[in-house]
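Let me begin by presenting the structure, written as structure tokens, before commenting on it.
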Amino acid sequence: MRILFIGAGEFGIPTLRKLVDLGHDVCSVVTQPDRPAGRGQAARPTPIRAFALETGLPVDAPPRINDAECVRRIKSLNAELAVVVAYGQKIGRELLDAFPVGIVNLHASLLPRLRGAAPIQWAILRGDEETGVTVFRLVERMDAGPMLSQRRTGIKAAETAEELHDRLAAIGCDAIDAALKRLAADPADPGDPQDEFRATAAPKLSKADGILDLSQTAIELERRVNGLYSWPGARCRFVSQAGRSEEVVLARALADDAPAEPTPSHEIGCITQRGGLLTGRGELAILEIQPANGRVMNWEAFVNGRHVRPGDRFVAVSRESE
Numbered sequence: 051m052r053i054l055f056i057g058a059g060e061f062g063i064p065t066l067r068k069l070v071d072l073g074h075d076v077c078s079v080v081t082q083p084d085r086p087a088g089r090g091q092a093a094r095p096t097p098i099r100a101f102a103l104e105t106g107l108p109v110d111a112p113p114r115i116n117d118a119e120c121v122r123r124i125k126s127l128n129a130e131l132a133v134v135v136a137y138g139q140k141i142g143r144e145l146l147d148a149f150p151v152g153i154v155n156l157h158a159s160l161l162p163r164l165r166g167a168a169p170i171q172w173a174i175l176r177g178d179e180e181t182g183v184t185v186f187r188l189v190e191r192m193d194a195g196p197m198l199s200q201r202r203t204g205i206k207a208a209e210t211a212e213e214l215h216d217r218l219a220a221i222g223c224d225a226i227d228a229a230l231k232r233l234a235a236d237p238a239d240p241g242d243p244q245d246e247f248r249a250t251a252a253p254k255l256s257k258a259d260g261i262l263d264l265s266q267t268a269i270e271l272e273r274r275v276n277g278l279y280s281w282p283g284a285r286c287r288f289v290s291q292a293g294r295s296e297e298v299v300l301a302r303a304l305a306d307d308a309p310a311e312p313t314p315s316h317e318i319g320c321i322t323q324r325g326g327l328l329t330g331r332g333e334l335a336i337l338e339i340q341p342a343n344g345r346v347m348n349w350e351a352f353v354n355g356r357h358v359r360p361g362d363r364f365v366a367v368s369r370e371s372e
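My numbering puts the first residue of the sequence shown at 51, with every later residue one more than the last.
Now the structure itself:
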């Protein structure tokens, strides 16, 4: 089949690479425009555009995919099928009807669970033990189209959203391959309808969602720390008894099932004799931490470098600073 690929984020690179490697006729790539990024705010291409240019694929980066001129260019490609992965714009009715075989989308959850913009983070935030990817026929309602293939995987202990993102991206290209084989056998295959009664949401996250409430339980904090890394990041402030104060991101953590050890002040957020963080219920073992404007380091390196001792504490960052 002649395929148009539509995507922007890194999540779609394994799928685009596999389409090329398998010899599919990828006639063009549609992505988002270059955006300012980094300290210098220089224009930076999307990961998909960078990969497509390296691969020698033609690329179009319209500000709005549903504009009449962009729709005209897409129709002129005479693609039979469009594959959408992590694009970031809603595709309108005219384009939905523009491809003889249709448009398929790769979504990072086991639909109908976790429809929305942040399914990877929410799978960890909700404490799910299993997640996966779904390829479905694109319809006007978000993530609601009939399904063509799924792949499942367990969520590992202390796995971060960043790590799960990369695993699901790799699994996703196999799910796309299975869906394309199904459509090659029957281009009119309607797919399997989703069970609306099982649908749940995975709404978009904001930077403010990264502000930690240390009065939560250890297991709740474990999910937030791991589920919010690397963005927006589970942020709090480290305050030592010696007067040091700095904002940090907790990058990886595990809830400790053992009863929390006492601390000199017995206050939530304090470092215990075992070196954990005292929470609203239980103790949180910090495995990795990232100082502001610094690199991720393991907890032992942070403790040794800052001479952390029991009674030092973590406190919430101010929402006014957001």
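Glycine included, every Cβ here is placed at the ideal spot set by N, Cα and C. Keep in mind the model is a prediction, meaning the values are calculated, not measured.
Can you tell me which of the three DSSP states F101 falls into? As a working note, residue 101 is residue 51 in the sequence shown. Note: F101 maps to helix in three-state DSSP.
With which residues is C286 paired in a DSSP beta bridge? Sequence index remark: in the sequence shown, residue 286 carries index 236 (1-based). DSSP lists V298 as the bridge partner or partners of C286.
Could you tell me the distance, in whole angstroms, from the CA atom of G326 to the CA atom of E180? On the sequence shown, residue 326 is found 276 positions in, with the first residue counted as 1. On the sequence shown, residue 180 is found 130 positions in, with the first residue counted as 1. Going by the C-alpha atoms only, they are around 27 Å apart.
Extent of the continuous alpha helix (DSSP H) to which F352 belongs: On the sequence shown, residue 352 is found 302 positions in, with the first residue counted as 1. 349-356 is the span of the alpha helix (DSSP H), which, as asked, contains F352.
Tell me, please, whether the stretch 119-134 touches the stretch 96-105 by the rule of three or more beta-carbon pairs shorter than 8 Å. They do not touch, by the three-pair rule.
Nearest residue (CA-CA) to F61, options G142, A158, D245: Locating residue 61 in the sequence shown gives position 11, counting from the first residue. For the options G142, A158, D245, the alpha carbon positioned closest to that of F61 is the one of A158.
Would you list the residues sitting across from L218 in a DSSP beta bridge? Residue mapping note: residue 218 aligns to position 168 of the sequence shown, counting from 1. DSSP lists no partner for L218.
Alpha-carbon to alpha-carbon, A173 and Q139: Here residue 139 corresponds to residue number 89 of the sequence shown, with the count starting at 1. Here residue 173 corresponds to residue number 123 of the sequence shown, with the count starting at 1. Taking the Cα positions, Q139 is about 23 Å away from A173.
Cα separation between M192 and G361? As a position in the sequence shown, residue 192 is number 142, starting the count at 1. As a position in the sequence shown, residue 361 is number 311, starting the count at 1. Put simply, the backbone Cα of M192 is about 48 Å away from that of G361.
So, for G241: in the same chain, excluding its five sequence neighbours on each side, which residues have a beta-carbon less than 8 Å away from its beta-carbon? As a working note, residue 241 is residue 191 in the sequence shown. Exclusion of the five residues before and after G241 leaves F186, R187, G195, P196, M197, L198 as the residues of its chain whose Cβ lies within less than 8 Å of its Cβ.
When you compare the stretch 330-340 with the stretch 297-308, are there three or more beta-carbon pairs, one atom per stretch, that lie closer than 8 Å? Between the stretch 330-340 and the stretch 297-308, the count of C-beta pairs closer than 8 Å reaches three or more; the two stretches touch.
So T81 packs on G106, CB below 8 Å; how close in whole Å? On the sequence shown, residue 81 is found 31 positions in, with the first residue counted as 1. On the sequence shown, residue 106 is found 56 positions in, with the first residue counted as 1. That belief does not hold up - the Cβ atoms of T81 and G106 are roughly 15 Å apart, past 8 Å.
Do you know offhand how far V358's Cα is from A366's? Numbered from 1 along the sequence shown, position 308 holds the residue referred to as residue 358. Numbered from 1 along the sequence shown, position 316 holds the residue referred to as residue 366. When the Cα atoms are used, V358 and A366 turn out to be separated by approximately 18 Å.
Determine the closest residue to D236 out of E212, G73, L175, P150, with distance taken between C-alpha atoms. Within the sequence shown, numbered from 1, the residue matching residue 236 stands at position 186. Per the Cα distances, P150.
Would you mind giving the Cβ-Cβ distance between L233 and D239, rounded to the nearest angstrom? I have them listed as a contact below 8 Å. The residue given as residue 233 occupies position 183 in the sequence shown. The residue given as residue 239 occupies position 189 in the sequence shown. Indeed, because the Cβ distance is near 6 Å, the residues count as touching under 8 Å.
Between the CA atoms of I124 and R165 - distance to the nearest angstrom: Position 115 of the sequence shown, counted from the first residue, corresponds to residue 165. Position 74 of the sequence shown, counted from the first residue, corresponds to residue 124. Spanning the two alpha carbons is a distance of roughly 27 Å.
Counting along the chain, where does the beta strand (DSSP E) carrying E338 start and finish? Mapped onto the sequence shown, residue 338 falls at position 288. Counting along the chain, the beta strand (DSSP E) containing E338 begins and ends at 333-341.
Please work out which residues of its chain come closer than 7 Å, Cβ to Cβ, to L255, disregarding the five sequence neighbours upstream and downstream, and give them in chain order. On the sequence shown, residue 255 is found 205 positions in, with the first residue counted as 1. Excluding positions up to five away in sequence, the list reads A168, Q171, P282.
Rounded C-alpha distance that separates E317 from T329: The residue labelled residue 317 in the question sits at position 267 within the sequence shown. The residue labelled residue 329 in the question sits at position 279 within the sequence shown. Taking the Cα positions, E317 is about 9 Å away from T329.
Let me know the secondary structure DSSP gives G293 once reduced to three states. Working through the sequence shown from its first residue, we reach residue 293 at position 243. Coil.
Which runs of the beta strand (DSSP E) spanning at least 3 residues fall entirely within the stretch 192-244, listed in chain order? With a minimum length of 3 residues, the unbroken runs of beta strand (DSSP E) contained wholly in the stretch 192-244 fall at 197-204.
Cβ neighbour criterion (16 or more within 10 Å) applied to R324: Taking the sequence shown and counting its residues from 1, one reaches residue 324 at position 274. With fewer than 16 Cβ atoms within 10 Å of its Cβ, R324 is classed as exposed.
According to DSSP, A92 sits in a beta bridge with which residue or residues? In the sequence shown, counting from the first residue as 1, residue 92 sits at position 42. Beta-bridge pairing links A92 to A87.
So, P112 versus E119, is the Cβ gap smaller than 9 Å? Indexing the sequence shown from 1 puts residue 112 at position 62. Indexing the sequence shown from 1 puts residue 119 at position 69. Yes, the Cβ-Cβ distance between P112 and E119 is below 9 Å.
Residues bridged to F364 [DSSP beta-bridge criterion]: Indexing the sequence shown from 1 puts residue 364 at position 314. The beta-bridge partner set that DSSP reports for F364 consists of F288.
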